[in-house]
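The structure appears below as structure tokens.
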Amino acid sequence: MKFGILIQEGPYNHQASDSAYNFILASLAKGHEISGVFFYNDGVINTTKLMDIPADDRNISKRWSDLGAKGVQLIVCVAAAKRRGISQNVLIENARIDGLGQLSELCIESDRLVTFGD
Amino acid sequence: MLHIVNKSPFKFRNLDSCLRIAKDDDPIMLIEDGVYAALPGTTLDRMMKEALKTHSVFAIQADLKARGVDRIIEGIQVCDYSCFVTLVEKHVPYSWL
Amino acid sequence: MEETKPRKIMFVNRKAPHGSIYAYEGLEVILIFGAYDQEISAVFLDDAVLSLKKGQDTTELGTKGFSATFRVLESYGVEKRYVDKESLAQRGLTEDDLVVDVEIVDAAALRKVMGEQDVLLPF
Numbered sequence: 001m002k003f004g005i006l007i008q009e010g011p012y013n014h015q016a017s018d019s020a021y022n023f024i025l026a027s028l029a030k031g032h033e034i035s036g037v038f039f040y041n042d043g044v045i046n047t048t049k050l051m052d053i054p055a056d057d058r059n060i061s062k063r064w065s066d067l068g069a070k071g072v073q074l075i076v077c078v079a080a081a082k083r084r085g086i087s088q089n090v091l092i093e094n095a096r097i098d099g100l101g102q103l104s105e106l107c108i109e110s111d112r113l114v115t116f117g118d
Numbered sequence: 119m120l121h122i123v124n125k126s127p128f129k130f131r132n133l134d135s136c137l138r139i140a141k142d143d144d145p146i147m148l149i150e151d152g153v154y155a156a157l158p159g160t161t162l163d164r165m166m167k168e169a170l171k172t173h174s175v176f177a178i179q180a181d182l183k184a185r186g187v188d189r190i191i192e193g194i195q196v197c198d199y200s201c202f203v204t205l206v207e208k209h210v211p212y213s214w215l
Numbered sequence: 216m217e218e219t220k221p222r223k224i225m226f227v228n229r230k231a232p233h234g235s236i237y238a239y240e241g242l243e244v245i246l247i248f249g250a251y252d253q254e255i256s257a258v259f260l261d262d263a264v265l266s267l268k269k270g271q272d273t274t275e276l277g278t279k280g281f282s283a284t285f286r287v288l289e290s291y292g293v294e295k296r297y298v299d300k301e302s303l304a305q306r307g308l309t310e311d312d313l314v315v316d317v318e319i320v321d322a323a324a325l326r327k328v329m330g331e332q333d334v335l336l337p338f
């Protein structure tokens, strides 16, 4: 099946990003396709490459970028990103800033849309 | 429909809203702080047992383990992420955020 | 060419309007989705019924007011707009307190319509 993922919460403050990541790994392991991960609300903060994480903790933005390198499309809402200072300059590799219409496309083309947030 | 609840039922009313709206036989997936609803012997024990009469209730193993919840209400099923994915295959999910 | 069936997409709003941005950013999504040819609906449940309350004025607060925008949902293609009866009653509100024309529904009706959707988006 095709699963679309919506992330509404920032990293570290809340578990949403971790839950989404674990859900995505399990989906891929079962042979499902992730049609896209859409970052909205404070979720856009997941995608800054400026994170500087202690060595003993997970690097959430790097983890997303690595997933993107494997072909999962990572879409960051432009309106939500602008409000929160996320621009092309700070964006992780393998993600793109795009419009809300992309979330609509995800809802249309995915068999399921799963939301993680606060 | 699969109902996903991620909030502690002791602080938030998300689970109450979910139980009010959920159709009989709709499964309920407890994730994150939502897994505290699986604790036995709490003030919510009766509500959970009532819920179990009409719904299957699942709780994410990693979330239970992280929180040291090693005893859970009888009838609640421990579920890994793979089992969570299987539930999403079968049902349209809604997260009670 | 094969015609694809429109998807049933429902916005399930449950949060109050000003203490956090969810209601506002949720509204922005609803307005965009209206432009796509799908079956879009919105339900206001729990604290989200407070988003529809008349007389909201954020000028003194210095934040953006948006309650009036809910009035345009219908013209933006959001065909069905539901409000949960019990959520209104819990908050001492009636239909007359709301800025929009909505369908007031009970839990049974809500249960049915939510169960018919392809996508349920929480805001």
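Chains as they are written, first to last, in our numbering: chain C, 1 to 118; chain V, 119 to 215; chain Z, 216 to 338. Glycine is no exception: its CB is placed at the ideal position from the N, C-alpha and C atoms.
- The C-beta of Asn228 (chain Z) has 16 or more other C-beta atoms within 10 Å across all chains shown, which makes the residue buried.
- For Ile255 (chain Z), the closest alpha carbon among the candidates C:Thr115, C:Ile108, C:Gly117 and C:Ala69 is that of C:Ile108.
- The residue from Z:Glu289, Z:Lys230 and Z:Gly280 with its alpha-carbon nearest to that of Gly270 (chain Z) is Z:Gly280.
- Interface annotation, Glu168 (chain V): not in contact with chain C, CB-CB separation never under 8 angstroms.
- When secondary structure is reduced to three states using DSSP, Asn228 (chain Z) falls in the strand class.
- Contact note: Phe248 (chain Z) reaches chain C through Ser104, using a C-beta cutoff of 7 angstroms and chain order.
- Every alpha helix (DSSP H) of 4 residues or more that sits fully in the stretch 178-202 of chain V is shown, in chain order, as 179-184.
- Following the DSSP letters along the chain, one finds Leu325 (chain Z) in no beta strand (DSSP E) but inside the alpha helix (DSSP H) bounded by residues Ala322 to Gly330.
- Three or more Cβ pairs closer than 8 angstroms define a contact, and the stretch 92-103 of chain C falls short of that threshold against the stretch 125-133 of chain V.
- Interface flag for Leu25 (chain C) against chain Z is unset, since no Cβ pair is found closer than 8 angstroms.
- By the C-beta density criterion, Val153 (chain V) is buried, having at least 16 other C-beta atoms within 10 angstroms.
- Think of a sphere of 7 angstroms around the beta carbon of Ala16 (chain C): no beta carbon from chain Z falls inside it, the nearest being about 12 angstroms out.
- Shortest Cα-Cα distance from Asp198 (chain V) to any of V:His121, V:Lys183, V:Pro211 and V:Ala155 involves V:Lys183.
- Interface with chain C (8 angstroms Cβ-Cβ cutoff): Ser135 (chain V) is excluded.
- According to the DSSP assignment, Ile245 (chain Z) belongs to no beta strand (DSSP E) but to the alpha helix (DSSP H) extending over Tyr237 to Phe248.
- Take Lys141 (chain V), set aside five residues on each side of it, and the residues of its chain with a beta-carbon closer than 8 angstroms to its own are Met119, in chain order.
- Put simply, the CB of Ala29 (chain C) is near chain V, with a gap under 8 angstroms to one of its CB atoms.
- CA-CA distance, Ile149 (chain V) to Ile122 (chain V), rounds to 7 angstroms.
- The C-beta of Gln15 (chain C) has 16 or more other C-beta atoms within 10 Å across all chains shown, which makes the residue buried.
- Sequence-distant partners of Ile146 (chain V) (beyond 5 residues in either direction) whose C-beta falls short of 6 angstroms from its own C-beta, in its chain, are His121, His173 and Val175.
- In this structure, Arg296 (chain Z) and Gln253 (chain Z) do not form a Cβ contact; the two beta carbons are roughly 15 angstroms apart against a cut-off of 8 angstroms.
- For Ala80 (chain C), the closest C-alpha among the options Z:Phe226, Z:Ala283, Z:Gly277 and Z:Gly241 is that of Z:Gly241.
- In this model, Ile139 (chain V) and Gly31 (chain C) are separated by some 32 angstroms (Cα to Cα).
- Measuring C-alpha to C-alpha distances from Glu310 (chain Z) to each of Z:Val264, Z:Phe248, Z:Pro232 and Z:Lys230 identifies Z:Val264 as the nearest.
- Under the three-state reduction of DSSP, Lys269 (chain Z) is assigned to coil, being neither helix nor strand.
- Chain order gives the chain Z residues near Ile139 (chain V) as Ala322, Leu325, Arg326 and Met329, where near means a beta carbon separation below 7 angstroms.
- Listed by position along chain Z, the residues whose Cβ is nearer than 7 angstroms to that of Ser213 (chain V) are Pro337.
- Contact of Thr115 (chain C) with chain Z by beta-carbon distance below 7 angstroms involves Leu336 and Pro337.
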